[in-house]
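Quick note on this note's numbering: the sequence shown kicks off at 1 and runs consecutively.
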Amino acid sequence: MEELLQQIESYKTEISAFEASTADAVENFRIKWLGTKGLVKAIMGEMKNVPNERKKEFGQILNEFKLFVETKFETLKAEGETQNAESNSTIDWSLPGDPVALGTRHPLSIVRNQIVSIFKRLGFAVAEGPEIEDDWHNFGAMNLPEDHPARDMQDTFYINQDPAWLLRTHTSSVQARVMETQKPPIRVICPGRVYRNETISARAHCFFHQVEGLYIDENVSFADLKQTLYFFVQEMFGKDTKVRFRPSYFPFTEPSAEMDISCLICGGDGCNVCKHTGWVEILGSGMVHPKVLENFGIDPNKYTGFAFGMGVERICQLKYRVNDLRLYSQNDVRFLKQFTGAL
Ligand code: PHE
Numbered sequence: 001m002e003e004l005l006q007q008i009e010s011y012k013t014e015i016s017a018f019e020a021s022t023a024d025a026v027e028n029f030r031i032k033w034l035g036t037k038g039l040v041k042a043i044m045g046e047m048k049n050v051p052n053e054r055k056k057e058f059g060q061i062l063n064e065f066k067l068f069v070e071t072k073f074e075t076l077k078a079e080g081e082t083q084n085a086e087s088n089s090t091i092d093w094s095l096p097g098d099p100v101a102l103g104t105r106h107p108l109s110i111v112r113n114q115i116v117s118i119f120k121r122l123g124f125a126v127a128e129g130p131e132i133e134d135d136w137h138n139f140g141a142m143n144l145p146e147d148h149p150a151r152d153m154q155d156t157f158y159i160n161q162d163p164a165w166l167l168r169t170h171t172s173s174v175q176a177r178v179m180e181t182q183k184p185p186i187r188v189i190c191p192g193r194v195y196r197n198e199t200i201s202a203r204a205h206c207f208f209h210q211v212e213g214l215y216i217d218e219n220v221s222f223a224d225l226k227q228t229l230y231f232f233v234q235e236m237f238g239k240d241t242k243v244r245f246r247p248s249y250f251p252f253t254e255p256s257a258e259m260d261i262s263c264l265i266c267g268g269d270g271c272n273v274c275k276h277t278g279w280v281e282i283l284g285s286g287m288v289h290p291k292v293l294e295n296f297g298i299d300p301n302k303y304t305g306f307a308f309g310m311g312v313e314r315i316c317q318l319k320y321r322v323n324d325l326r327l328y329s330q331n332d333v334r335f336l337k338q339f340t341g342a343l
C-alpha cells in the first residue's frame, strides 16, 4: 500500500510542474489523466487491492487526488483562454488615442455671464421671466397704455390678439414680474432673450439678448445710476473706457438716458462700428417712472429707483469684433469653436 501512496505523490509532483503552452497540450493532459483510459481511472482501480480496513482511508486519498487533477485541468484551460483572448485581439495599444473634442461656450453666454457676475458683486440678484408675455407685463405696466405711440418703437410678434399674448420685446417685462412679487429694496439683474419683428440682416435680427437692471430703494438718485453703470463699464471693458450719457425717452423712465462708451474697435478715432463718431451706444436707462412704481403699489414719494437695459450682442461685438448678428444663431462650429477656453 505504501507503493500506492508513493505513486500518488510522484503523480502529484509531475502534475504540479506541468505547464501547457498550447490548447493541444491541455487536451493531451486531459486524455492522459482524466480520459476513459487515463491514469486517474487506473489508479482508482487500485481500490480493489486495498484491504478492507484501509478502504475508507484510501477512498479519501484517491478522491482528493482526483479532485487535484481536475482542478489542475480547469486551471490550464482558463490560462489557455486568457492567452487566446490576448493573442487574437486586434487592439493595438500603441496607437495614439482619438482626440476628445472640447465643447465651447457660446460667445453670448460668455458675455452674459461676465455682465451678471459684475452686477452680482454689487449685490444684484438674478431674476428671470417668461419669453411669452401678456400685454400688461410687456407694455401696460411699463407705462405704455394701449394706443401709446411708443409701442411702435418695438415691432411686436403677437401670438394671440385678444387677450394679447406676445413675445416679449424687451426684458423690462421682468421688471414688472419682479415688482409684482417683491417689495423694496429691490436690486435685480434680468438676462434674457427678446423678440422684435425685424428683417434679418447683419445689423438686425428678429431675436436678440438683453440684460435688464432694476434698483429701487429710498434715496436712489441719478448719481447712483451713473456711478453703477460707470463701474460696470470699467470692469467690463477696462479702466481707459470713457462713457457718456445722452438724454433720451422711454415711457417707463423719467428722466431717461442712453449710454455710449468710447469705441473699443478704433479707440475713438472713428470706424465702421461707431459710424465714425468714436462712440457706441450700449444701453438705455433712466429713473423708474412714478407711474410704474404706482402700478405695483410702491409709493413714489418714499421710493425711487433706476433701471437700465443693455444689448448683449452689441457688447459681444465690441469684445469679440463680431460684425454680423446672424453669426450668433447660425451654429457654425467654425465660428463657435473660436471661443474655446473662455468661461
Ligand atoms: N427696454 C428698453 C429697450 O428695450 C431699454 C431700457 C430698459 C430703457 C430700462 C430704460 C430702462 O430699449
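Every residue gets a Cβ at the ideal spot worked out from N, C-alpha and C, and that includes glycine.
Starting from residue i and walking both ways along the alpha helix (DSSP H), at which residues does that stretch end?
i: Cys-190; result: Careful: Cys-190 lies outside any alpha helix (DSSP H), inside the beta strand (DSSP E) at 186-195.
i: Phe-44; result: Note that residue 44 corresponds to Met in the displayed sequence, not to Phe. Start and end: 39-44.
i: Ala-202; result: It is not in any alpha helix (DSSP H) - Ala-202 carries neither H nor E in the DSSP assignment.
i: Met-236; result: 222-237
i: Asp-135; result: 135-138
i: Leu-167; result: Unbroken run through Leu-167 is the beta strand (DSSP E), 165-167; no alpha helix (DSSP H).
i: Asn-143; result: Counting along the chain, Asn-143 falls outside any alpha helix (DSSP H), and DSSP gives it neither H nor E.
i: Lys-319; result: 312-320
i: Ala-25; result: 23-29
i: Thr-181; result: 172-181
i: Ser-94; result: Note, Ser-94: premise wrong, no alpha helix (DSSP H); not H, not E.
i: Glu-3; result: 2-17
Pick from the options: whose alpha carbon is nearest that of residue i?
i: Val-194; options: Asp-269, Ala-125, Tyr-158, Asn-219; result: Tyr-158
i: Gly-305; options: Leu-293, Ile-118, Glu-180; result: Leu-293
i: Asp-162; options: Pro-185, Asn-49, Thr-171, Asp-135; result: Asp-135
i: Thr-241; options: Asn-219, Thr-199, Ile-265, Leu-34; result: Ile-265
i: Thr-171; options: Val-126, Phe-73, Glu-81, Val-69; result: Val-126
i: Gly-213; options: Leu-325, Ile-43, Tyr-328, Val-174; result: Val-174
i: Glu-281; options: Phe-296, Gln-317, Glu-254; result: Gln-317
i: Leu-122; options: Leu-229, Lys-337, Leu-283, Cys-263; result: Leu-229
i: Met-236; options: Asn-84, Phe-119, Glu-9, Asn-49; result: Phe-119
i: Asn-52; options: Leu-5, Lys-183, Cys-190, Met-1; result: Met-1
With DSSP run on the structure shown, which of helix, strand or coil describes residue i?
i: Ile-160; result: Just to set this straight, residue 160 is Asn in the shown sequence, not Ile. Residue state, collapsed to three classes: strand.
i: Glu-70; result: helix
i: His-209; result: strand
i: Met-287; result: strand
i: Pro-247; result: strand
i: Gly-35; result: coil
i: Leu-336; result: helix
i: Lys-48; result: helix
i: Lys-242; result: coil
i: Ala-78; result: helix
i: Arg-151; result: helix
i: Phe-65; result: helix
i: Arg-105; result: coil
What does DSSP give as the partner residues of residue i in its beta bridges?
i: Tyr-358; result: Within the shown structure, residues of the chain are numbered from 1 to 343, placing residue 358 beyond reach of any answer.
i: Ser-256; result: Ser-248, Gly-286
i: Ala-125; result: Val-188
i: Glu-281; result: Asp-260
Whole-angstrom Cβ separation of residue i and residue j, contact assumed at under 8 Å?
i: Ile-298; j: Met-179; result: 7 Å
i: Glu-128; j: Leu-167; result: Not really, about 15 Å apart at Cβ, beyond 8 Å.
i: Glu-258; j: Met-287; result: Contact doesn't hold; Cβ gap of about 14 Å is too wide.
i: Met-47; j: Phe-58; result: 6 Å
i: Leu-76; j: Val-40; result: With 8 Å as the limit, Leu-76 and Val-40 do not qualify as a contact, their Cβ atoms being about 15 Å apart.
i: Arg-334; j: His-209; result: Contact doesn't hold; Cβ gap of about 22 Å is too wide.
i: Ala-23; j: Gly-80; result: 5 Å
From which residue to which residue does the beta strand (DSSP E) around residue i run?
i: Pro-130; result: Careful: Pro-130 lies outside any beta strand (DSSP E) and carries neither H nor E.
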